[in-house]
Amino acid sequence: MRMIEILDAGELRRARRSGALVADILATLRDRCTVGTNLLDVDRWAKAMIIDAGAQSCYVDYAPSFGRGPFGHYICTSVNDAVLHGRPHDQVLADGDLVSLDLAVSLDGIAADSAVSFLVGDTRPAESVALIETTRRALAAGIAAAGPGVRLGDVSHAIGTVLSGAGYPVNTEFGGHGIGSTMHQEPHVPNLGRPGRGYRLRPGLLLALEPWVMTDTDELVTAEDGWTLRSATGCRTAHSEHTIAITEDGAEVLTLAPR
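Start counting the sequence shown at 1; every next residue gets the next number (the UniProt record's numbering).
Here you go:
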């Protein structure tokens, strides 16, 4: 396992600024995503806001082993059956589309990561509403479980209990992760786990918790772009994520949307 990064007080102050920026950009983009919005425009808007803030994208040059070359865009835009790493392309949003926006930005050397799922337009299929709400509740449960001395398995168990309890299959290949001077760090935070097991959380640790589910499968397929992960059955998907800091007395959410 790679070394787990623990932030000092000064780095935590910078992390709060990174988190606030990510939250602000995501809230703005969500408001701009309406019927007729093109995903490439969403990417351009994200780029402009990141650059105007003096920040850096964590995605443009991101080239892990599971992707096909550098990601090359500033935000992940996943629609309907796409759930993770959705590469922006020439697609116009339609009424009733389920959109997930995932954004990671580094400001002053510290990264923050957050994702939100929502419906576009006036059509609100009950199944999609339930899917989104379940990921939000699972995220809230994971945050509530986190704190100093807590085992990582307790956080994963809290998330997984909500997801499984709602009847959704849970994929553990991709999940939450440590974050700090880089976007993806140890420890891996699966969305299903056994309580009392795993790494013991410490103050100064940053985690990106990200419950995501697909309606009727836990199997992913990779799209032709080499990046976008879709449900194997073509069912709808949803994804919620916050970056949190473990503190002396609990967990602080760094990526809360501005009121």
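Beta carbons are placed, not taken as given, at the ideal position from N, Cα and C, and that holds for glycine.
Remember, predicted model here, so these are calculated numbers, not experimental data.
Under 7 Å between the Cβ atoms of residue i and residue j?
| i | j | result |
| --- | --- | --- |
| Ala-115 | Glu-5 | no |
| Ala-53 | Leu-21 | yes |
| Leu-205 | Ile-246 | yes |
| Ser-231 | Asp-81 | yes |
| Ile-244 | Leu-192 | no |
| Cys-58 | Ala-23 | no |
| Arg-16 | Ile-110 | no |
| Leu-49 | Ile-25 | For the record, residue 49 in the displayed sequence is Met; it is not Leu. Cβ atoms of Met-49 and Ile-25: closer than 7 Å. |
| Gly-153 | Arg-124 | no |
| His-239 | Ser-18 | no |
| Gly-67 | Ser-78 | no |
| residue 285 | Val-213 | The displayed coordinates of the chain run from 1 to 259. Any statement about residue 285 would go beyond what the structure contains. |
| Pro-203 | Pro-148 | yes |
| Ala-144 | Val-155 | no |
| Asp-95 | Val-35 | yes |
Identify every residue that forms a DSSP beta bridge with residue i.
| i | result |
| --- | --- |
| Gly-250 | Thr-247 |
| Glu-127 | Its beta-bridge partners do not exist; DSSP assigns none. |
| Asn-38 | Val-92 |
| Thr-237 | Met-214 |
| Cys-76 | Asp-102 |
| Asp-113 | Ala-104 |
| Arg-200 | Arg-151 |
If we ignore side chains and look at the alpha-carbon of each, how far apart do residue i and residue j end up?
| i | j | result |
| --- | --- | --- |
| His-177 | Leu-40 | 27 Å |
| Val-150 | Leu-201 | 5 Å |
| Cys-235 | Glu-224 | 18 Å |
| Gly-69 | Ser-117 | 26 Å |
| Gly-121 | Val-42 | 16 Å |
| Ala-257 | Gly-165 | 27 Å |
| Thr-233 | Gly-142 | 27 Å |
| His-73 | Tyr-62 | 9 Å |
| Asp-8 | Gln-91 | 43 Å |
| Glu-173 | Asp-31 | 31 Å |
| Ala-158 | Val-129 | 21 Å |
Could you tell me the boundaries of the alpha helix (DSSP H) in which residue i lies?
| i | result |
| --- | --- |
| Glu-11 | 9-32 |
| Asp-154 | 152-165 |
Within the continuous beta strand (DSSP E) that includes residue i, where are the two ends?
| i | result |
| --- | --- |
| Val-83 | 82-84 |
Between the Cα of residue i and those of the options, spot the shortest distance and give me the residue it belongs to.
| i | options | result |
| --- | --- | --- |
| Thr-217 | Val-79, Leu-192, Tyr-168 | Tyr-168 |
| Ala-112 | Glu-248, Gln-185, Thr-222 | Gln-185 |
| Pro-211 | Asp-90, Ser-65, Val-83, Gly-198 | Val-83 |
| Met-183 | Asn-38, Gln-56, Ala-9, Ile-51 | Gln-56 |
| Asp-108 | Ser-65, Ala-126, Ile-51 | Ile-51 |
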